[in-house]
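Plus 59 on top of the position in the sequence shown (first one is 1) and you've got my numbering.
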Amino acid sequence: MPSSTGPSIDTITEGGRVTQVGEGQEAEESAPPVMTFGAPTAGEILAERYELVEHINNDSAGRLVWRGVDVVLRRPVAVVLRYPGGDSATEMLQAAVAASRVIHPNLVGVYDAIDEADRAYVVREWVDGQSVRELVNADGPLDPARATAIGNAVASALAAVHATGMVHGNVHPGTVMISDDGRVVLADARTDGADSQENDLRAVGGVLYFALTGHWPHGEAPLHGATAGHGRAAIPDAVRDAGGAIAAPRQVRAGVPAYLDDLTMDLLDPEIAPPSSDVLAAELGRLDIPADEHFLDQAGTLRFTADPEEEPSPLAAAGGRKVALGIAGLLAVALVGLLIGISALGGDDKDAKTEPVARPTSSAPADQPTQAAPVRKLAVEDVRIIDPDSRTRNELGDAEKVIDGSEDEGWETDTYKSAKFGGLKDGMGVWIDLGAEHTVMSVKAVLSASGATAQLYTGTTDPGSGSSGDKKLYTEYVTAKTRIGDGFAPAEGSTLIFSNGFDPDKKYRYLLFWLTELPSNDRGYKIGVQEITVQGS
60 MPSSTGPSID
70 TITEGGRVTQ
80 VGEGQEAEES
90 APPVMTFGAP
100 TAGEILAERY
110 ELVEHINNDS
120 AGRLVWRGVD
130 VVLRRPVAVV
140 LRYPGGDSAT
150 EMLQAAVAAS
160 RVIHPNLVGV
170 YDAIDEADRA
180 YVVREWVDGQ
190 SVRELVNADG
200 PLDPARATAI
210 GNAVASALAA
220 VHATGMVHGN
230 VHPGTVMISD
240 DGRVVLADAR
250 TDGADSQEND
260 LRAVGGVLYF
270 ALTGHWPHGE
280 APLHGATAGH
290 GRAAIPDAVR
300 DAGGAIAAPR
310 QVRAGVPAYL
320 DDLTMDLLDP
330 EIAPPSSDVL
340 AAELGRLDIP
350 ADEHFLDQAG
360 TLRFTADPEE
370 EPSPLAAAGG
380 RKVALGIAGL
390 LAVALVGLLI
400 GISALGGDDK
410 DAKTEPVARP
420 TSSAPADQPT
430 QAAPVRKLAV
440 EDVRIIDPDS
450 RTRNELGDAE
460 KVIDGSEDEG
470 WETDTYKSAK
480 FGGLKDGMGV
490 WIDLGAEHTV
500 MSVKAVLSAS
510 GATAQLYTGT
520 TDPGSGSSGD
530 KKLYTEYVTA
540 KTRIGDGFAP
550 AEGSTLIFSN
560 GFDPDKKYRY
570 LLFWLTELPS
580 NDRGYKIGVQ
590 EITVQGS
């Protein structure tokens, strides 16, 4: 599914009916609606494809938000119209085009962006649900587990955006939505160049703070023109002391865990450099674990440090964070001490006098925190094209171009008569050997065109090259369902990013990027894989 939108999607409830409202850029209170002539009507079909069903609302910038139907694919869509088109709609259309290049399950999908001069419109995913702002305003602050899960989804979406070099630029509780089926999606990316990836990450801290307290920590003045309940003006400012410093979530409400309080405040501290988005997503993913699965294996949250006297952490390259000694480590030390004490007090004298209390060790002292390695691009030792069901072996060349650091050349499939490889095979892909086991954060595949679908698998062995090796690999990886990333639907973007399925406590060496459906061109169906990069430590 395509990714984040140019105009935002937000939701309000009117008369018990969940509706969507584009939030967009803020408008002045006195600004009239943009559209003054040629109003659309229900039943009108745009671009011979998108039927307008119901006018939902106007966003704060005066754009018209309609619920519609894609009459070709028979799926609901949201249509955001601006009058006129042309130069006045440039930012909206540029945002939509840029957003459609990123594919991630936590980004609202953009399907189309059209400029007809007298009007322009963006067609995007219809999301039944409500924004985090609406949810908290209606029901009060969220429980820490739910806030952590929302933060994890937003950070994962930003990791996909940032991996392309882009900035979202509009992360706040009104652009973070929760669908009725529980999916968390981020909407309303902007392309005005006025923001940065660091500010995106600070905003994740703001969303966490709001989810935990019901207050917005960035101290923005109320915005004119945002209809009550629709814009950031509806979010109360954070509780502050006499000096203007915001109160920590734990000071606002009881029950916020220390690790989540620390992480949130570190993200909001301008003196502390935030980590990269993929590191933050991995950390929030690690913390987003059901309580009954915790058993002395959680090392607490990663902490950032701005103290120049402290020894720098290897995570400095990923945001200057330092791993704090966790409660689990302290409990383990206490447990060992207790067992030693019991042994010394209650054991046999002959055992006590022949064994020292502790043997010498070359490991680090127990009072020093474990430090994580920095996130980086991982080197690839070997790469092969896997084609277990091929009638010929003429698609197996150029595998090395997939990891040569250049997107200009790559490996490509043959041309087939249908999207599913002409019915000749279930798929084919690129097998990667990292040379050793690593912690993997994400895999990015740059393709030659949009519309392909793919999955990511992992395995534990190298079955060898050749037809028999390909079949063994297919059995171990694909048939055994060792899938890491979900397959993606055909989309407008040509970059696929897998970042949600990796276990931060597991090491990976062998990966399989597996193509399952090909896009069409003027001669048939084919795709090229220009470059694959793996991020981890």
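The beta carbon of each residue, even a glycine, is placed where N, CA and C say it ideally should be.
Exposed unless 16 or more other CB atoms sit within 10 angstroms - verdict on residue i
i: Ile104; result: exposed
i: Val593; result: buried
i: Asn165; result: buried
i: Val199; result: Note on residue identity: the sequence assigns Gly, not Val, to residue 199. Exposed, because fewer than 16 other Cβ atoms sit within 10 Å of the Cβ of Gly199.
i: Glu342; result: buried
i: Asn580; result: exposed
i: Leu194; result: buried
i: Ser527; result: exposed
i: Asp259; result: buried
i: Ala218; result: buried
i: Gly144; result: buried
i: Gly464; result: exposed
i: Pro447; result: buried
Pairwise C-alpha distance: residue j and residue i
i: Val124; j: Glu113; result: 9 Å
i: Glu159; j: Leu346; result: It is Ser, not Glu, that sits at residue 159 in the sequence shown. Whole-angstrom Cα-Cα distance: 30 Å.
i: Asp597; j: Ala307; result: Absent from the model: residue 597. The displayed extent of the chain is 60 to 596, so no value can be given.
i: Val266; j: His277; result: 10 Å
i: Asp529; j: Thr520; result: 12 Å
i: Leu271; j: Asp239; result: 21 Å
i: Tyr268; j: Met500; result: 25 Å
i: Glu535; j: Asp254; result: 45 Å
i: Val128; j: Glu110; result: 5 Å
i: Asp325; j: Thr472; result: 47 Å
i: Asp177; j: Arg108; result: 18 Å
i: Ala297; j: Val243; result: 24 Å
i: Ala214; j: Asp337; result: 7 Å
i: Asn196; j: Pro232; result: 10 Å
i: Pro203; j: Gly595; result: 28 Å
i: Gly518; j: Gly494; result: 13 Å
i: Phe557; j: Lys503; result: 6 Å
i: Ser553; j: Gly486; result: 18 Å
i: Arg141; j: Val230; result: 22 Å
i: Leu555; j: Ala508; result: 11 Å
i: Arg312; j: Ala98; result: 48 Å
i: Arg249; j: His221; result: 13 Å
i: His163; j: Thr207; result: 19 Å
Distance between beta carbons of residue j and residue i, contact taken as under 8 Å
i: Trp29; j: Val136; result: In this structure the chain extends from 60 to 596, so residue 29 is not present and cannot be described.
i: Ala155; j: Val181; result: 5 Å
i: Val161; j: Thr223; result: 6 Å
i: Phe561; j: Ile543; result: 6 Å
i: Glu590; j: Glu496; result: Going by Cβ atoms, the distance from Glu590 to Glu496 rounds to 23 Å, so no, they are not a contact pair.
i: Leu577; j: Ala478; result: 5 Å
i: Arg261; j: Leu327; result: 7 Å
i: Ala246; j: Thr234; result: 5 Å
i: Ile115; j: Gln189; result: Not confirmed; about 14 Å, so no contact.
i: Leu570; j: Leu515; result: 7 Å
i: Arg582; j: Ser524; result: 30 Å between Cβ atoms; not a contact.
i: Ala173; j: Ala106; result: As written in the sequence, residue 173 is Ile, which differs from the Ala given in the question. That belief holds up - the Cβ atoms of Ile173 and Ala106 are roughly 6 Å apart, short of 8 Å.
i: Lys476; j: Gly469; result: Actually they are not in contact, since the Cβ atoms of Lys476 and Gly469 sit about 23 Å apart, beyond 8 Å.
Alpha helix (DSSP H) segment containing residue i, residue limits
i: His227; result: It is not in any alpha helix (DSSP H) - His227 carries neither H nor E in the DSSP assignment.
i: Thr323; result: 317-327
i: Tyr533; result: 526-533
i: Leu152; result: 149-158
i: Arg309; result: 308-311
Residue i - partner residues in DSSP beta bridges
i: Gln514; result: Trp573
i: Asp296; result: Trp275
i: Gly188; result: Ser238
i: Gly127; result: Leu111, Val136
i: Met487; result: Leu574
i: Val499; result: Gly595
i: Val171; result: Going by the sequence as given, residue 171 is Asp instead of Val. Asp171 pairs with Val182.
i: Lys436; result: Gln594
i: Arg261; result: Paired residues: none, contrary to the question.
i: Leu506; result: Val588
Interface flag, residue i vs chain C, CB-CB below 7 Å
i: Val213; result: The structure shown has no chain C; it contains just one protein chain.
Residue i: first and last residue of the uninterrupted beta strand (DSSP E) it sits in
i: Thr554; result: 554-557
i: Asn117; result: 109-117
i: Gly456; result: Segment: none, Gly456 is in no beta strand (DSSP E) and carries neither H nor E.
i: Asp337; result: Segment 336-346 is the alpha helix (DSSP H) holding Asp337; no beta strand (DSSP E) there.
i: Arg443; result: 441-445
i: Leu201; result: No beta strand (DSSP E) contains Leu201, which DSSP labels as neither H nor E.
i: Leu166; result: Run containing Leu166: none; DSSP gives neither H nor E here.
i: Val243; result: 243-245
Any non-hydrogen atom of the ligand GDP within 6 Å of residue i CB
i: Thr538; result: With respect to the ligand GDP, the structure offers nothing, as it holds no ligand at all.
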